DNA sequence: GCGTTTAGTGGGGAATTGTGGGAAAAGTTT
DNA sequence: AAACTTTTCCCACAATTCCCCACTAAACGC
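Residue numbers (our numbering), protein chains in the order written: chain A, 10 to 151; chain B, 10 to 151.
Structure follows, in structure tokens:
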């Protein structure tokens with residue numbers, strides 16, 4: 010389970026540390042620290058899956074009936090997906106195309122989301138949160 | 010049950026003592042001193058749940074129909090949620106992102122609210138109370 | 001009132017986490 | 001094939017967090 014929010018900095022080489030809490034979740038939950046990072050059409054951010062979760066997602070997609078939307082989804086999500094193993098310090102290199110897509114510059118936010126986690130540019134995250142706040146205020150739980 | 014108001018100070022390392030009354034409530038009520046601290050959209054403060062209550066809340070949210078408001082709510086509440094166990098002195102470290110959100114600086118107010126409790130910056134709390142007072146004056150009970 | 005207990009606070013030191021940079025390895029270009 | 005860029009791997013330092021001990025002040029009991 011990935012939970013909590015963490016903020017780290019990308020260095021000049023384009024590397025960011027995966028928060029230790031998430032690395033632990035990877036290892037204890039899956040015994041395998043490989044992860045897949047890709048785009049998501051729903052938000053201007055990246056998403057990261059443990060290997061096993063990624064395969065499940067892939068299997069679900071493979072089982073679907075073809076459609077223009079599915080093809081589009083695949084191009085966004087599948088084609089940019091790549092496998093990463095953090096270096097000994099727990100960092101991964103975010104490739105330029107994914108950096109551009111998510112407009113990640115220096116400040117990087119990691120947000121746990123259960124089976125996966127999101128990777129945001131800090132500024133985009135702050136903006137998103139602000140507008141979410143306005144929306145969520147109108148949402149009464151009971 | 011969490012009730013009453015308590016004021017403690019955050020130290021330079023970002024730690025605050027959970028009021029003893031609340032720690033007791035955690036242990037005797039739930040036999041488990043883990044707690045989940047997160048944001049709330051309704052007030053500029055944090056909220057803390059005993060583990061069991063948090064799971065209930067999570068389950069309720071998971072069962073709801075998707076909507077933009079729900080997604081916003083989830084990002085505010087769920088994504089920042091993290092589990093904490095007080096240290097031997099009964100303190101927890103409030104992470105920077107949550108400190109920023111609630112503008113907690115040094116003085117910290119704890120306010121019991123039944124199944125959970127709120128964590129306020131002292132000054133925000135005082136202001137809130139003042140405006141609540143003005144509002145409540147216009148409210149005749151009978 | 002006086003000793004005893006409990007709550008809150010401060011701080012030291014070890015361990016963990018995050019960051020910067022150097023050098024080897026791999027991949028490109030001319 | 002040489003020059004160059006990019007990626008990978010490793011070492012080292014700095015900052016943060018965690019865990020423990022100790023002190024002070026308030027609350028409690030007799």
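In this text, a Cβ means the ideal position worked out from N, Cα and C, and glycines have one as well.
Remember, predicted model here, so these are calculated numbers, not experimental data.
TODO: Could you pull the start and end residues of the beta strand (DSSP E) that residue 91 of chain A belongs to?
DONE: 91-93
Open item on the list: Let me make sure I understand the geometry here. Which of B/26, B/17, B/31 has the alpha-carbon closest to that of residue 123 of chain B?
Closed with: B/31
Open item on the list: Report the CB separation of residue 144 of chain A from residue 78 of chain B in whole angstroms; it is logged as a contact under 8 Å.
Closed with: 5 Å
- [ ] Kindly list, in the order they appear in chain A, the residues whose Cβ is closer than 7 Å to that of residue 106 of chain B.
- [x] 14, 16
Task: Option nearest residue 37 of chain A by Cα separation, candidates A/10, A/50, A/24 - done: A/10
Task: Residues within the segment 114-130 of chain A neighbouring chain B, beta-carbon criterion of under 7 Å - done: 120, 121, 122
Task: Sub-8 Å separation of residue 125 of chain B and residue 62 of chain B beta-carbons - done: yes
Task: Three-state class that DSSP yields for residue 59 of chain B in the structure shown - done: strand
Task: Cβ shell of residue 114 of chain B (< 7 Å), same chain only, five flanking positions each side left out - done: 130
- [ ] Would you mind telling me which residues of chain B sit closer than 7 Å to residue 141 of chain A, beta carbon to beta carbon, in chain order?
- [x] 81, 84, 85
Task: Continuous alpha helix (DSSP H) stretch holding residue 112 of chain B: start and end - done: Taken as a continuous stretch (DSSP letters only), residue 112 of chain B belongs to no alpha helix (DSSP H), as it is neither H nor E.
Open item on the list: Considering just the uninterrupted stretch of the beta strand (DSSP E) at residue 102 of chain A, what are its terminal residues?
Closed with: 100-102
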